[in-house]
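Worksheet: one structure, shown below.
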Amino acid sequence: MDNKKLNIAVVINTVLKVGGGFTYANNIVEQLLKWNQNRFNFLFYSDKYETVEYLKTKDLNCTLIFSGFRSTLKTIIKHKNRQLRIAKKVSLLFKEDYIDLAYFLGPFSTWTDLVNTRFIFTIHDLGHRDALVFPEVYNNGEFQRRETIYKEGAIQSFATVVDSEITKNKLLNFYGVNSDKVEVLEFLPNIELAKVDADLGKTIITKFNILEPFIFYPAQFWAHKNHKYILDGIKLYEEITNTRLHAVFSGADYGNLNYILNKAKILNINEQIHYVGFVSNEEMAYLYKNCIALVMPTYITNTNIPPLEAFMFKVPVLYPNTLECTNILKQATININLTDSNSFVESIQKVIDNSDEVKEKISLGYNYINNLQKSNYIEPIAKILNRYWEMRQLWD
Numbered sequence: 213m214d215n216k217k218l219n220i221a222v223v224i225n226t227v228l229k230v231g232g233g234f235t236y237a238n239n240i241v242e243q244l245l246k247w248n249q250n251r252f253n254f255l256f257y258s259d260k261y262e263t264v265e266y267l268k269t270k271d272l273n274c275t276l277i278f279s280g281f282r283s284t285l286k287t288i289i290k291h292k293n294r295q296l297r298i299a300k301k302v303s304l305l306f307k308e309d310y311i312d313l314a315y316f317l318g319p320f321s322t323w324t325d326l327v328n329t330r331f332i333f334t335i336h337d338l339g340h341r342d343a344l345v346f347p348e349v350y351n352n353g354e355f356q357r358r359e360t361i362y363k364e365g366a367i368q369s370f371a372t373v374v375d376s377e378i379t380k381n382k383l384l385n386f387y388g389v390n391s392d393k394v395e396v397l398e399f400l401p402n403i404e405l406a407k408v409d410a411d412l413g414k415t416i417i418t419k420f421n422i423l424e425p426f427i428f429y430p431a432q433f434w435a436h437k438n439h440k441y442i443l444d445g446i447k448l449y450e451e452i453t454n455t456r457l458h459a460v461f462s463g464a465d466y467g468n469l470n471y472i473l474n475k476a477k478i479l480n481i482n483e484q485i486h487y488v489g490f491v492s493n494e495e496m497a498y499l500y501k502n503c504i505a506l507v508m509p510t511y512i513t514n515t516n517i518p519p520l521e522a523f524m525f526k527v528p529v530l531y532p533n534t535l536e537c538t539n540i541l542k543q544a545t546i547n548i549n550l551t552d553s554n555s556f557v558e559s560i561q562k563v564i565d566n567s568d569e570v571k572e573k574i575s576l577g578y579n580y581i582n583n584l585q586k587s588n589y590i591e592p593i594a595k596i597l598n599r600y601w602e603m604r605q606l607w608d
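Residue 213 is where the sequence shown starts when you use the numbering used here, and the numbers rise one by one after that.
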């Protein structure tokens, strides 16, 4: 190849409202752009028109990928008053752009459309294996879809990037993937939150009539996110202490929102539950800075981004840390038992009392984020890309 630069296709088939998945992809894009190297050109692609437009605001050119006639028709209808670039199939695009290697910033099925293009795959978790009772990871063929895409993607990829050693070990055990082709890249918080003026987001309080003290849970409304645990906890806390807690829920609705809001009415705490939908970075930062705690009673626990963002703001985190999760989540969070609302009451009281345990965990989390940001975060990706570059010198 005469040591010429390689064209790397960075594929971001996710949108801003997805939350953690988009935060992850956005962080990787920023890290790649900051990486000082002379071997690779990075070109960006997405099958989501919203993402193409978002990257434009960051002065990045992103090409729209054809993702099927139904999806393309939806995009045309949704954005009928805007001029859309004609989306092309990924195999044709990559051939025209002389792509040497594709890097998928999520477990996207787009790799199945590749022709003669090697790729890096990304798997955030194997939650469909961990929590298959939930409809979002099992119903309508979703379990089998993930099995096929994840297994074959990990096996056929040049390398696979995962969120933790936990997921790496599962990948090796479940699918027989070679250990030396799996790299761990830890999650980062949304760094943009620390850069904005949080006071600009203060209007969210009056807009949704949010009273203090309030807890915060930024999560999509899937069943496994377990918003119901917070409702039961708030109700029990009020019965025991005669103190009203409020909860702020942000995130997209994937079918469980009405169920949760109706449950709040049944418990007669609906005035204490505030669904704010999708929020800006300024509003998100304000909510983090002013909540008494982040409470995250999810059943898929290995890794999650909201606790890292709470660490960044020195906010206490309530988390089911006796379940399988990374060491930092075990060490820097206050445990909640998902089968016992009393543990919510006990843990939230520790926060309100500002106990020594809470202070220690806040310090552990904050120091972890500081050290993570100072580290050579891009190193696992650089290792993969440089290994591919060396191999690619062996043929024309």
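Note that beta-carbon positions come from the ideal geometry of N, C-alpha and C, so glycine has one too.
Treat the numbers as computed from the prediction; the structure is a model and nothing was measured.
Query: Top-ranked residue by Cα proximity to glutamate 591, from Leu344, Asn390, Glu395 and Ile361; Result: Glu395
Query: Buried or exposed (CB count within 10 angstroms, at least 16 for buried), lysine 271; Result: A small fix is needed here, since residue 271 is aspartate in this sequence, not lysine. Exposed is the call here.
Query: Delimiting residues of the alpha helix (DSSP H) encompassing arginine 357; Result: 354-368
Query: Other residues of its chain near alanine 522: CB distance less than 6 Å, five sequence neighbours each side excluded; Result: Leu506 and Val529
Query: Host beta strand (DSSP E) of serine 258 (start-end); Result: 252-258
Query: Whether phenylalanine 525 touches lysine 542 by CB criterion (9 Å); Result: no
Query: Cα-Cα separation between leucine 535 and phenylalanine 252, rounded to whole angstroms; Result: 40 Å
Query: Cysteine 274 - partner residues in DSSP beta bridges; Result: Phe256
Query: DSSP state of tyrosine 449 mapped onto helix, strand, coil; Result: helix
Query: Integer-rounded CB distance, given that isoleucine 446 should sit under 8 Å from leucine 457; Result: 5 Å
Query: Test item: CB-CB of glycine 231 and isoleucine 416 under 9 Å; Result: no
Query: Nearest-angstrom Cα separation, counted from threonine 538 out to leucine 606; Result: 39 Å
Query: Coarse secondary structure for aspartate 411, derived from DSSP in three states; Result: helix
Query: Per-residue burial, leucine 412 [other beta carbons within 10 Å of its own, 16 or more giving buried]; Result: exposed
Query: Where the alpha helix (DSSP H) containing serine 559 begins and where it ends; Result: 553-564
Query: Three-way DSSP call (helix, strand, coil) for proline 644 in this model; Result: Outside the displayed span of the chain (213 to 608) sits residue 644, for which this structure offers no information.
Query: Contact check, proline 519 vs alanine 544, beta carbons under 9 Å; Result: yes
Query: Status (buried if at least 16 other CB within 10 Å, exposed otherwise) for lysine 477; Result: exposed
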